[in-house]
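Each remark here refers to the structure printed beneath this line.
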Amino acid sequence: MGACCSKGANGSGDEGVVVENSLEDRDYDVVEEDDNVTIGDFGARMRLQGASKFISMYTQQGKKGVNQDAMTVWEDFVGNKDMTFCGVFDGHGPYGHKVARHVRDTLPSRLSSAIKLSQSNSFRYGDGNDSNNTHKSGGCIEDHIDYSEGNPLLSTWEAGLVKCFKDMDEELSVDASIDSYCSGSTAVTVIKQGNHLIISHLGDSRAILCTRSSKNQLDAVQLTVDLKPNIASEAERIKKSKGRVFAMDEEPEVFRIWMPDQDCPGLAMARAFGDFCMKDYGLISVPEVSYRRLTKNDEFVVLATDGIWDVLSNYDVIKIVASAKKRSLAAKMVVKYAVRAWKNKSPGSRIDDCAVVCLFLKSKTLLARSFSEVSRVSANHSELAENYSEVSSASLHHSEIAAVPERPRK
157 MGACCSKGAN GSGDEGVVVE NSLEDRDYDV VEEDDNVTIG DFGARMRLQG
207 ASKFISMYTQ QGKKGVNQDA MTVWEDFVGN KDMTFCGVFD GHGPYGHKVA
257 RHVRDTLPSR LSSAIKLSQS NSFRYGDGND SNNTHKSGGC IEDHIDYSEG
307 NPLLSTWEAG LVKCFKDMDE ELSVDASIDS YCSGSTAVTV IKQGNHLIIS
357 HLGDSRAILC TRSSKNQLDA VQLTVDLKPN IASEAERIKK SKGRVFAMDE
407 EPEVFRIWMP DQDCPGLAMA RAFGDFCMKD YGLISVPEVS YRRLTKNDEF
457 VVLATDGIWD VLSNYDVIKI VASAKKRSLA AKMVVKYAVR AWKNKSPGSR
507 IDDCAVVCLF LKSKTLLARS FSEVSRVSAN HSELAENYSE VSSASLHHSE
557 IAAVPERPRK
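The numbers in our numbering rise by one with no breaks, and the one at position 6 of the sequence shown is 162.
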């Protein structure tokens with residue numbers, strides 16, 4: 157995010173995409189781009205860009221200056237062949253890019269060390285008989301699910317993750333090389349091992365899951381809640397700490413947090429790393445931690461900054477990813493469609509930075525039966541249907557997109 161405030165958009169409740177009953181033969185281009193891989197702690201394969209068999213990642217600078225979005229993927233996390241860490245970070249403020257990159261480079265290492273030290277007890281989990289649903293500390297993500305019984309695995313992981321986030325923020329507070337007094341970063345991370353998925357996040361970067369319903373349709377499940385000041389519990393905490401929450405006249409739908417006696421900094425998120433000017437006034441770096449047990453119906457996870465979610469719904473994103481003929485291009489396609497949506501939404505406005513990480517859960521993914529539906533993105537983005545050819549020609553060849561709809565004839 158080039159600036160510390162931006163408009164928000166929730167995922168839509170669109171109907172699912174009907175998928176074929178059999179697997180499609182597609183070019184999965186699973187050869188890893190080794191030039192983008194470095195070796196991290198405990199032999200993890202770390203990348204900041206590129207793709208692998210199960211990963212697609214892409215970021216693009218917006219029109220607000222330096223790209224303040226950052227992302228990373230660590231495969232073979234903690235030396236475990238079946239464990240993957242993915243993280244997306246959205247910086248804001250004058251030095252937000254430095255904060256986001258520092259968190260990107262440091263947080264995974266902290267987490268891997270904590271897991272390694274605790275593998276014999278608190279971070280080890282077996283097959284278990286947990287439910288298929290998402291469990292979230294402090295509440296539930298989906299209103300129709302009862303989480304009153306809690307989840308032992310979530311409780312076990314939560315303490316370690318919260319401590320790592322706390323230590324990360326404390327490190328920033330004493331790092332003289334990064335001025336994070338009025339600069340900070342959101343974060344959304346997932347750690348996958350086998351069919352276990354642990355999600356942690358601060359701010360308004362988001363994670364979603366693409367899953368198949370009982371009717372064999374692709375549905376979007378939002379795994380995180382955008383932690384913004386308009387959430388009642390977040391606003392209450394900020395106000396109790398003498399911070400202020402209000403929206404400006406020119407953007408009445410965007411609530412921001414402010415210092416008690418000054419109209420700054422105007423942050424559009426309620427939790428973040430850094431931003432120490434607001435840490436005494438209700439801004440916190442405590443992550444929301446949740447757990448989901450993956451099933452055979454789950455296809456992929458998408459993590460992205462608000463440059464994506466401000467203009468595309470959750471369902472838009474899963475349709476775009478599912479339409480990718482090559483997995484390696486999935487994240488890039490999402491970004492290109494988002495850029496087009498930004499241009500259509502606010503011609504002449506400054507396009508936000510975008511970062512996307514796609515984590516595929518299977519060796520092969522079911523292909524949607526008809527991607528003419530992909531063009532029917534949310535009503536607010538109907539212009540995209542007429543501009544898909546322009547999006548693909550901007551940096552993608554038509555052959556790289558499965559069943560791209562043609563421009564309607566008049």
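We treat Cβ as the ideally placed atom computed from N, Cα and C, and that holds for glycine.
- In terms of Cβ geometry, glycine 422 and glycine 340 do not form a close pair [threshold 8 Å].
- Considered as a whole, the region 307-366 harbours 308-330 as its complete alpha helix (DSSP H) runs of no fewer than 4 residues, in chain order.
- Burial is judged here by how many other beta carbons sit within 10 angstroms of a residue's own beta carbon; threonine 215 has at least 16 and is buried.
- DSSP places leucine 450 outside any beta strand (DSSP E), giving it a letter other than H or E.
- As the crow flies, the alpha-carbon of leucine 485 is around 16 Å from that of aspartate 472.
- Excluding its 5 nearest sequence neighbours in each direction, threonine 194 has C-beta neighbours in its own chain below 7 Å: Met202, listed in chain order.
- Of the other Cβ atoms in all chains shown, 16 or more fall within 10 Å of the Cβ of proline 385; this residue is therefore buried.
- Membership of proline 264 in the alpha helix (DSSP H) is indicated by the continuous run 252-274.
- Minimum Cα-Cα distance from cysteine 242 among the listed residues Thr367, Ile464 and Val259 corresponds to Val259.
- DSSP places leucine 515 within a strand segment (E or B) once states are collapsed to three.
- In the same chain as methionine 239, and ignoring 5 residues on each side of it, the C-beta atoms closer than 6 Å to its own belong to Phe233 and Gln349, in chain order.
- With contacts defined by Cβ atoms closer than 8 Å, arginine 427 and glycine 359 form a contacting pair.
- Aspartate 472 carries a helical assignment under DSSP once its states are collapsed to helix, strand and coil.
- Shown here, tyrosine 214 sits in a strand according to DSSP, grouped into three states.
- Judged by DSSP in its simplified three-state form, aspartate 462 adopts helix.
- Going by DSSP, valine 401 is part of no alpha helix (DSSP H) but of the beta strand (DSSP E) stretching over 400-403.
- DSSP places methionine 227 in the uninterrupted beta strand (DSSP E) bounded by 225-231.
- Selection Met425, Ile271 and Phe198 evaluated against isoleucine 394 yields Met425 as nearest (Cα-Cα).
- The beta carbon of glycine 247 sits closer than 6 Å to those of Gln224, His253, Val255, Ala256 and Ser341, all from its chain and outside the five residues before and after it, given in chain order.
- Around serine 269, the same chain offers Asp197 as residues with beta carbons nearer than 8 Å, after the five sequence neighbours per side are excluded.
- Proline 421 is bridged by DSSP to Trp414.
- No Cβ-Cβ contact shorter than 8 Å links glutamate 326 with threonine 262.
- The alpha-carbon separation between serine 397 and methionine 434 amounts to approximately 10 Å.
- Only buried fits glycine 463, as 16 or more other CB atoms lie within 10 angstroms of its CB.
- In this structure cysteine 320 touches leucine 267 by the C-beta definition: roughly 5 Å separates them, less than 8 Å.
- Take asparagine 470, set aside five residues on each side of it, and the residues of its chain with a beta-carbon closer than 6 Å to its own are Gly167, Ile364, Ala376 and Gln378, in chain order.
- Between valine 467 and alanine 487, the CB-CB gap reaches or exceeds 8 Å.
- Judged by DSSP secondary structure, isoleucine 394 falls within the alpha helix (DSSP H) whose first and last residues are 388-396.
- A residue is called buried when at least 16 other Cβ atoms come within 10 angstroms of its Cβ; glutamate 406 does not meet this threshold and is exposed.
- The Cβ-Cβ distance between valine 490 and valine 512 falls below 8 Å.
- By alpha-carbon distance to lysine 499, the top candidate from Gly218, Ser212 and Ser370 is Gly218.
- In the structure shown, the three-state DSSP call for phenylalanine 456 is strand.
- Of the residues Lys371, Leu353, Phe456 and Ser265, the one whose Cα lies closest to the Cα of glycine 235 is Ser265.
- Boundaries of the beta strand (DSSP E) harbouring arginine 201: 201-203, taken from the DSSP string.
- The C-beta distance from phenylalanine 456 to alanine 343 rounds to 20 Å, too long to fall under 8 Å, and the pair is not in contact.
- Beta-bridge annotation (DSSP): arginine 368 is paired with Leu374.
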